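J.: The structure under discussion is supplied below as C-alpha cells; questions concerning it will follow.
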Amino acid sequence: MMHYATFHHHPMLRLLYALLIVSSIPFSFSEIKNTHILSDSRPMILFERFGFAESGQVDITVKDISWKSRHQKSYLNPSSMGFFLARDSSFPKIMNESEYTQNFCVLSSRHVQTILRFENLAVDSIYNGSVKIGAPDEYSLVFGNCQPEFEVSMYVYTEMYNRFYGEKDFLPAGQTELPKIYFLFFLIYAMFLCAWFYVCKKHRQTMGKIHLIMGALLICKALIMISAHEDKLYVRKTGTPHGWDVAFYIFGFFKGIMLFTVIILIGTGWSFLKPYLQEREKQVLMTVIPLQVLENIAYVIISETGPATKDWMAWNQMFLLIDIVCCCAVFFPIIWSIKSLREASKTDGKAAKNLEKLTLFKQFYIVVVGYLYFTRIVVSAIGALIDYRFEWVIVVSSEVASLGFYMFIFYNFQPLDRNPYLMIDDDEENSAAQILEEDDSFEL
C-alpha cells in the first residue's frame, strides 16, 4: 500500500527558519546553480529564493537520481517526490492544510506550483521542468519528499531569471539596482581614501601606525565595493560571477579583520593614549582575529553552498554566534580605557584634557554600540519585513551606516595635534575637574 509520510510541523518550521535567514542576511548567491544532493531524507529542501517580475521563469534539470530505503519492505512511489514553487505567504496555509488532510503530500497542495514530479523513476532518468511565472512575487524553489524513509541523491541544475526586452536578467527583481549602488559607494570610498591620504601626508609628524591600518581598511572597503559591482553585473548578464565572488570574499576577509582590529586598537587608546598594548588587550585582539578568520570561512561556505546543503543551517548558526562574540569582545577595551581615564583624572592634574578624551571615548562607545546594533539587528529586521522589490534597501541601509561609522572614526581619530595644553586656562581646568568629580555619566 502506498505510504505518504504525514507532513509534520518540524520540516515546515525548519524551512521557514531557512527562509528567514535568506531574506534577512544579504548573501551573494549566483542564479545559475549546480547542486549535489547526497543521501538526503529531508521532507523539504529549500534550493533558492528569487524575486520575479512579470516575465520570470524557472528552468530545472535533474539527473543521476538514486535512492535507498532506510526501512526494509518500503515501497517507493516516484510521484511523491518533486520540485515546486511557493510564495512565503503560502507556507502557513500549507501547514494548516497538512493538519486537516489525510496522507498529505506537499506536492499535491493547492497552494504550491508544481514544476515536476519523478514519474517512472529510473537511475539514468533525466527530468526537465520549466515554469513561467504568471503572478510576480518572491518564490521559493523547494524539493518535496513525501516519503522521507527514502534517502535521495541527485544532481540539480537550476536557472531562475526575469526577461527584460528579450534578454535574461538573472538578478532578482529587488536587486537590479545593486550594480549602480555598489559603484556609487566605490566612488565615495575612493574619494574618502584620497582625502585620508591627504590628511596623513599633511600631518605626517603626528601620524601613527593606527592611521596606516585605517587607510588599509579604506582600501579593502573600496575594493569590496568594486568587486560587488562587477559580481552583480556578471550575475545579471550570465547568471554566474565569473570569479568576482572570489575577489569579494578575499577583500571581505581582510576588511573584517581590519575593521575589528581598528575598533579594538582605538578602544585601547593605542597610538592615542599610550604607545603599547597591555596583556589583556593583546588577548582580546588575539581572540578576535582568529574568530574573524572562522567567521569569514563560514560566510564563504554559506554563500557558495546554499540552503540545499545539509550543514547550511549549522554554518549559519556558527556565523551568527562568532559575530556576536566578536561584537561583544570589542567593548571591553573601550570600557577599560574609559575607566583608566577616570582614574588618571584624579591624580595627574590634567582634568580638562582627560575630560576631552573621556567625552570622545564615551561617544566612540555609543557609536560602536549603535553601529553594531543597526548592522546586525535593524538591517536584518528590514530584510525580513521589506517587500522583495526593494531588497536593495537592505544594502543601502547597511552601507550608509558603515559609511557614517567610518566617517566618525576617521574624523575624530585623524592625525591632528590639537595640543589642548596650550588652549586650556586655569578656570577651564577647575571646571573640568569639578565635572569629573561630580558627573558619573562616564561610568559604564
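Numbering (our numbering) for the sequence shown: 1 to 444. The C-beta atom is built at its ideal place from N, Cα and C for all residues, glycine as well. Bear in mind the structure is a predicted one, so any value in this text is a computation, not a measurement.
With H, G and I counted as helix, E and B as strand and the rest as coil, what does DSSP make of Ile133?
T.: Correct three-state label for Ile133: coil.
J.: Across which residues does DSSP place His36 in a beta bridge pair?
T.: DSSP output for His36 lists Tyr155 as bridge partner(s).
J.: For Leu187, which residues in the same chain have their Cβ closer than 6 Å to its Cβ, ignoring the five residues on either side in sequence?
T.: none
J.: Taking the straight line between their C-alpha atoms, what separation do you get for Phe185 and Met81?
T.: 45 Å
J.: Going straight from the alpha carbon of Ile181 to that of Cys105, what length do you get?
T.: 43 Å
J.: Let's test the definition: count the other Cβ atoms within 10 Å of the Cβ of Gln72 and tell me whether it reaches 16, buried, or not, exposed.
T.: exposed
J.: Would you tell me roughly how many angstroms separate the C-alpha atoms of Trp312 and Ser153, rounded to the nearest one?
T.: 17 Å
J.: From the DSSP output, which residues share a beta bridge with Met160?
T.: Val58
J.: If the criterion is Cβ atoms closer than 8 Å, does the pair Pro333 and Thr268 meet it?
T.: Cβ atoms of Pro333 and Thr268: closer than 8 Å.
J.: When the Cα atoms are used, what is the spatial distance from Tyr421 to Leu358?
T.: No answer about Tyr421 holds up, because its pLDDT of 32 lies below 50 and its placement is not dependable.
J.: When you compare the region 280-298 with the region 230-241, are there three or more beta-carbon pairs, one atom per stretch, that lie closer than 8 Å?
T.: no
J.: At which residue ranges does the region 38-110 contain complete beta strand (DSSP E) runs of 3 or more residues, listed in the order of the chain?
T.: 44-51, 57-69, 81-87
J.: Taking 8 Å as the limit between beta carbons, can you name the residues of its chain near Met214, skipping five residues before and five after?
T.: Cβ neighbours of Met214 beyond the five flanking positions: Trp196, Val262, Ile409, Phe410, Phe413.
J.: Just to confirm, is the Cβ distance from Thr206 to Lys33 under 8 Å?
T.: no
J.: Just the Cα atoms here: how many angstroms apart are Lys339 and Ile324?
T.: 24 Å
J.: Can you give the Cα-Cα distance for Pro43 and Ile37, rounded to whole angstroms?
T.: 13 Å
J.: What residue range is occupied by the uninterrupted beta strand (DSSP E) comprising Gly465?
T.: Any property of residue 465 remains undetermined from this structure, which presents the chain solely from 1 to 444.
J.: Roughly how many whole angstroms lie between the Cα atoms of Ile45 and Asn316?
T.: Looking at the two C-alpha atoms, the distance is approximately 16 Å.
J.: In its own chain, which residues sit with a C-beta less than 6 Å from the C-beta of Lys93, not counting the 5 before and 5 after it?
T.: Closer than 6 Å at Cβ, skipping near neighbours: His111.
J.: Figure out for me which residue from Glu119, Met160, Leu223 has the closest Cα to the Cα of Ser130.
T.: Met160
J.: Once DSSP output is grouped into helix, strand and coil, what is the label at Lys168?
T.: In the three-state DSSP reduction, Lys168 falls in the strand class (E or B).
J.: Please report the straight-line C-alpha distance between Lys310 and Trp67, rounded to a whole angstrom.
T.: Answer to the nearest angstrom: the Cα atoms are 17 Å apart.
J.: Work out the CA separation of Met95 and Thr101 for me, nearest whole Å.
T.: Straight through space, the alpha carbons of Met95 and Thr101 are spaced by roughly 10 Å.
J.: Compare the C-alpha of Leu277 against each of Ile264, Val288, Ile289 and name the closest.
T.: Closest by alpha carbon: Ile264.
J.: Whole angstroms are fine: how far does the CA of Glu399 sit from the CA of Trp336?
T.: 29 Å
J.: How big is the Cα-Cα spacing for Val393 and Pro179?
T.: 13 Å
J.: Report, in whole angstroms, the separation of the C-beta atoms of Leu223 and Ser140, which I expect to be a contact under 8 Å.
T.: That pair is no contact at about 33 Å.
J.: Am I right that Ser39 and Glu119 are in contact with their C-beta atoms under 8 Å? What's the rounded C-beta distance?
T.: Rounded, the Cβ-Cβ distance is 22 Å, inconsistent with contact.
J.: Is it buried or exposed, Ala135, if we count other Cβ atoms within 10 angstroms and call 16 or more buried?
T.: exposed
J.: I'd like the list of long-range same chain contacts for Ser397, defined as Cβ closer than 7 Å, with 5 residues on each side in sequence excluded.
T.: Val379, Ile382
J.: So what does Phe150 bridge to, in DSSP terms?
T.: Ser69
J.: Where do the N-terminal and C-terminal ends of the alpha helix (DSSP H) with Arg236 fall, by residue?
T.: 209-238
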